[in-house]
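Okay, structure first, notes after.
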Amino acid sequence: MKPFDVYPLYNITPVKAAGSYIWDKQGEKYLDFYGGHAVISIGHSHPHYVQALTEQLNQIAFYSNAVQIPQQQHLAEKLGQLSGYADYNLFLCNSGAEANENALKLASFHNGRKKIIAFKGSFHGRTSLAVAATDDPKLGAPVNQNPHVVFLPLNDETAFEQCIDDKTSAVIIEGIQGVGGIQTPTATFLNKVQMLCKLYNVLLILDEVQSGYGRSGKFFAHQYAGIQPQLITTAKGMGNGFPVAGVLIHPDIQAKHGMLGTTFGGNYLACAAAIAVLQVIEQEKLLENALLLGEYIKQQLKGYEGIKEIRGVGLMLGIELDRPADGVRKQLLMEHKIFTGSSSNKNTLRLLPALNIGTAEATVFLDAFSKTIAAQKIHA
Ligand code: PLP
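Position in the sequence shown (from 1) plus 17 gives the number in the working numbering.
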């Protein structure tokens, strides 16, 4: 048997990582400015994280959700405190897709409706409902086609107003679109969406799988707009590499036994990882750092050739180039040993480094980026 390749593979075999750096089996050192799709929030193998997971592993790693797991309570309290959603309930699961799947399901349980409004450029994951609400028909199999999902242009208030009705179960929207190329819903749009959702008793689901956990400089990106969605999904940076995800559920939404379930969700190790991440975010003031470093990178990039636009906030940045990003990304990796990301917008380079990078890491990236852009110009 051999493993199924989820993506085309780089010829790189990482064997060790610390902070923002990764080493391959030849001993080559790489700067990680992508965090494996926004997963590495507090840096690779952060000592506090390693210690918390090791201690938990030495005590108990798993038992089913049929017993009391105090670590779940601890995690819910800490997440409530740091996110500002202390009165919400927390359903723990294992991936972003699973969190969105359960949020969409809960919404439909709650109001008994089927219609879902999603947005152009969206990515919500690969399970049935999540992929049906993802704006990429290539990702869904025929069995995933769902006639109840409608895609609207992001930030188009008129289209939204005309579409939402008393048959709509939920609206699902990313705090900042990641895979779509770092596109942000405006505060005005989000407030309008929230207002109309309340009017029609539609549940608003904020997918903060990529944009959450401090990446934007706020705990959740939608908090810039001052809205308060009924359902918020989180994953990626939540476990810094350990699979853990969650749905934050408004107290008015009844999630009864039997509606949702999971074997692995909320296990001891997942909770230990997620608690350790929150402790580091708090102790090292990583929201502030993400905002500061994001602004620093944006300022430094001003005036660079080849850039059409820089989008995003905090350490969730999209650099739209005057050329396809793929060549730049490959050159950054092969020549300068820096991981960056692509997006469905082919000219946009995505930056999703750990939230505790400093100016030293930013400078390494900026130098390499400017050399790469210049070299490509000479070749062209
Ligand atoms: N939602 C968003 C916004 C994402 O970016 C992703 C993954 O890229 C997902 C959901 C799916 O998460 P997972 O791959 O953990 O299922």
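By construction, the Cβ of each residue, glycine as well, lies at the ideal position given by its N, Cα and C atoms.
Being a predicted model, the structure only gives us computed values, none of them experimental.
Suppose the cutoff is 6 angstroms on Cβ atoms and the five residues either side in sequence are ignored; what does the same chain contact list for residue i look like?
i: residue 109; result: 263, 282 and 283
i: residue 328; result: 199 and 335
i: residue 213; result: 181
i: residue 106; result: 266
i: residue 378; result: 37
i: residue 317; result: 383
i: residue 124; result: 186, 187 and 220
i: residue 362; result: 198
i: residue 88; result: 285 and 288
i: residue 31; result: 39 and 41
In whole angstroms, give me the CA-to-CA distance for residue i and residue j.
i: residue 37; j: residue 176; result: 42 angstroms
i: residue 119; j: residue 219; result: 16 angstroms
i: residue 393; j: residue 198; result: 22 angstroms
i: residue 225; j: residue 206; result: 17 angstroms
i: residue 5; j: residue 324; result: The displayed coordinates of the chain run from 18 to 397. Any statement about residue 5 would go beyond what the structure contains.
i: residue 285; j: residue 71; result: 11 angstroms
i: residue 41; j: residue 248; result: 40 angstroms
i: residue 337; j: residue 104; result: 39 angstroms
i: residue 75; j: residue 380; result: 40 angstroms
i: residue 256; j: residue 162; result: 31 angstroms
i: residue 365; j: residue 342; result: 6 angstroms
i: residue 382; j: residue 49; result: 10 angstroms
i: residue 61; j: residue 95; result: 22 angstroms
i: residue 86; j: residue 271; result: 21 angstroms
i: residue 97; j: residue 376; result: 31 angstroms
i: residue 195; j: residue 268; result: 28 angstroms
i: residue 326; j: residue 24; result: 28 angstroms
i: residue 259; j: residue 250; result: 16 angstroms
i: residue 113; j: residue 56; result: 11 angstroms
i: residue 148; j: residue 183; result: 24 angstroms
DSSP state of residue i, grouped into three classes?
i: residue 161; result: helix
i: residue 168; result: strand
i: residue 54; result: helix
i: residue 241; result: helix
i: residue 386; result: helix
i: residue 274; result: strand
i: residue 173; result: coil
i: residue 333; result: strand
i: residue 22; result: coil
i: residue 295; result: helix
i: residue 64; result: helix
i: residue 368; result: strand
i: residue 325; result: strand
i: residue 32; result: strand
i: residue 46; result: strand
i: residue 77; result: coil
i: residue 343; result: helix
i: residue 279; result: coil
i: residue 314; result: helix
i: residue 27; result: coil
i: residue 262; result: strand
i: residue 256; result: coil
i: residue 380; result: helix
i: residue 71; result: helix
Skipping 5 residues on each side, what residues in its chain have a beta carbon closer than 8 angstroms to that of residue i?
i: residue 208; result: 242, 243 and 244
i: residue 81; result: 280
i: residue 231; result: 58, 254, 298, 303, 304, 307, 331 and 372
i: residue 348; result: 389, 392 and 393
i: residue 169; result: 134, 135, 136, 137, 176, 177 and 180
i: residue 46; result: 38, 39, 40 and 354
i: residue 236; result: 99, 100, 101, 229, 230 and 304
i: residue 321; result: 386, 387 and 390
i: residue 313; result: 376 and 379
Contact defined as beta carbons within less than 8 angstroms: I believe residue i pairs with residue j. What is the distance between those atoms, to the nearest angstrom?
i: residue 135; j: residue 160; result: Rounded, the Cβ-Cβ distance is 18 angstroms, inconsistent with contact.
i: residue 261; j: residue 291; result: 5 angstroms
i: residue 133; j: residue 189; result: 6 angstroms
i: residue 358; j: residue 65; result: Rounded, the Cβ-Cβ distance is 26 angstroms, inconsistent with contact.
i: residue 111; j: residue 141; result: The pair is not a contact, with the Cβ atoms about 15 angstroms apart (cut-off 8 angstroms).
i: residue 130; j: residue 186; result: 4 angstroms
i: residue 228; j: residue 333; result: 6 angstroms
i: residue 293; j: residue 83; result: 25 angstroms between Cβ atoms; not a contact.
i: residue 156; j: residue 121; result: Not a contact, Cβ separation roughly 16 angstroms.
i: residue 386; j: residue 51; result: Residue 386 to residue 51, Cβ: 13 angstroms. No contact.
i: residue 222; j: residue 202; result: In fact, because the Cβ distance is near 13 angstroms, the residues do not count as touching under 8 angstroms.
Report all residues from its chain with a CB closer than 7 angstroms to the CB of residue i; omit the five preceding and five following residues, and keep chain order.
i: residue 234; result: 304, 307, 308, 311, 330 and 331
i: residue 174; result: 206 and 209
i: residue 126; result: 276
i: residue 29; result: 41
i: residue 73; result: 285, 286 and 289
i: residue 139; result: 150, 151, 152, 191, 194 and 197
i: residue 93; result: 107
i: residue 301; result: 373
Which runs of the beta strand (DSSP E) fall wholly inside the segment 84-152 and span at least 3 residues, in chain order?
-> 106-110 and 132-136
At what residue ranges does the segment 177-233 contain a whole run of the beta strand (DSSP E), taking only runs of 3 or more?
-> 185-191 and 220-224
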